Amino acid sequence: MIVRINTALKPSLEDGDNFRAFKVVTDTAEIDVERLNVLLGPAIVFETAEQAWIEVEALKRWASRSGDSDWIASLDGMVAYARTRGWVREMPLRLAAHVEHADR
Numbered sequence: 013m014i015v016r017i018n019t020a021l022k023p024s025l026e027d028g029d030n031f032r033a034f035k036v037v038t039d040t041a042e043i044d045v046e047r048l049n050v051l052l053g054p055a056i057v058f059e060t061a062e063q064a065w066i067e068v069e070a071l072k073r074w075a076s077r078s079g080d081s082d083w084i085a086s087l088d089g090m091v092a093y094a095r096t097r098g099w100v101r102e103m104p105l106r107l108a109a110h111v112e113h114a115d116r
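If you read the sequence shown in my numbering, its first letter stands for residue 13, the second for the next number, and so on.
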C-alpha cells in the first residue's frame with residue numbers, strides 16, 4: 013500500500029490491496045515537515061522527512077474498496093500486525109510509514 017503525495021500535495025492511495033507493504037511516496041525531493049503537517053494534517057503527520065504517521069480513517073477514505081468487508085478485514089489485519097511491531101499510535105488510530113522521495 014502506497015500513500016502518494018503529488019506535487020499539489022494531494023494524497024492518494026496506490027496498490028491499495030497490498031497489505032504487506034506500507035509507505036509514503038512524495039513526488040518531490042524536498043520535504044518541509046512543518047509545512048506538510050499544516051497542509052496535510054491530521055490525515056498525515058510527518059515526524060521527520062523520512063517517517064510519517066497515516067490516519068487509518070484516511071486510508072479508508074482514499075481506498076477504492078473501502079466499503080468491501082474483505083478489504084476492511086485485511087486492513088484490520090495489517091493494523092493488528094503493525095501493533096505487534098510498535099508501528100501504531102492511538103487516538104486517532106495511525107500507522108507508521110517510511111517516506112520515500114520520488115526525485116531522490
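Quick reminder that beta carbons are idealized off the backbone N, C-alpha and C, glycines included. Please read all numbers here as calculations on a predicted model, not as lab measurements.
- By the criterion of a C-beta distance shorter than 7 Å, R101 is surrounded in its chain by W65, once the five residues flanking it on both sides are discounted.
- When only Cα atoms are considered, A109 and N18 end up about 17 Å apart.
- Counting other Cβ atoms within 10 Å of its Cβ, M103 stays below 16 and is therefore classed as exposed.
- With fewer than 16 other beta carbons inside 10 angstroms of its own, L51 counts as exposed.
- For S78, the CB contacts under 6 Å within the same chain, skipping 5 residues up- and downstream, are K72 in chain order.
- A buried status is given to T38, since no fewer than 16 other beta-carbon atoms sit within 10 Å of its beta-carbon.
- Around the C-beta of G89, fewer than 16 other C-beta atoms lie within 10 Å, and the residue is accordingly described as exposed.
- From the listed residues W99, V45, R106, V68, the smallest Cα separation to L21 is found for V45.
- Counting only the Cα atoms, A41 lies some 10 Å from A61.
- Following the DSSP letters along the chain, one finds K35 inside the beta strand (DSSP E) bounded by residues 35-38.
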